[in-house]
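Throughout, my numbering is defined as the position within the sequence shown, counted from one, plus 299. Below is one structure, written out as structure tokens; comments come after it.
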Amino acid sequence: MHTGLFHEIDFDADGKALSFLGTPYSVDRSPYYQIKTPVCRIRNGSGPRVLLMAGNHGDEYEGEIALGRLIRRLSPAHVRGEVTILPLANLPAVMAARRRSPLDDGNLNRAFPGQPGGTPTERLAHFLEHELFPRHDVVFDIHSGGTSMAHLPTALIERQASSERTARALELMASLGMAHAFVAANGRDAPTS
């Protein structure tokens, strides 16, 4: 299945690898331009598979900075299993310091499940939904208040379609030990951002 993106990530290799997700985007200066979203993959044998991402909204800097620091400090010796880090998920929005992508006005948080032949934001959402998320046991999507508000440190989950998945998400949320946490309704009729 064509996912709308290109990458050279070897999901089976042990070690630490830095790469990118290449989203095709034709511009005047090049019909073969790609948006190159950085990704770090760290694997050390078998174990839990965790995806950490930030930059879903480009003006939410705290997660982007924290994951950038983590990439520099984390080595395979610190990992049992797999950690994938996507520090600047919506790269065009990050580069413009905007909540939404300036290329297509896309809100990555609302673009799922995406389209493989759609806009750059829809292509990225499709790849994440159908390729990257299923490869991981847990996905942490780090958000903050952006340029318009301040947030208390909070854990948030969306209620899942299956009660088992909701129970697992609640368990993981509780393990974070956050002073504030809440469960949001799920779906486009009850968006959280």
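For each residue, glycine too, the CB sits at the ideal point set by N, CA and C.
Check, Outcome
"How would you write the range of the beta strand (DSSP E) that Ser318 sits in, first residue to last?", "Gly314 to Pro323"
"If we ignore side chains and look at the alpha-carbon of each, how far apart do Glu363 and Ala353 end up?", "5 Å"
"Where does Ala466 sit, in a helix, a strand or coil, going by DSSP?", "helix"
"What does DSSP give as the partner residue(s) for Glu381 in the beta ladder?", "Arg342 and Arg348"
"My output table needs one value for His425: the three-state DSSP class, helix, strand or coil.", "helix"
"Identify the residues that DSSP records as bridge partners of Ala483: which are they?", "Glu457"
"Looking at Ser443 and His435, is the spacing between their C-beta atoms short of 8 Å?", "no"
"Going by the DSSP bridge assignment, what does Asp440 pair with across the sheet?", "Met352"
"Would you say the region 372-379 touches the region 451-465, given that touching needs at least three Cβ pairs under 8 Å?", "no"
"What does the alpha-carbon distance come out to for the pair Gly445 and Gly357?", "8 Å"
"Would you mind stating whether Phe319 and Pro347 have Cβ atoms separated by less than 8 Å?", "no"
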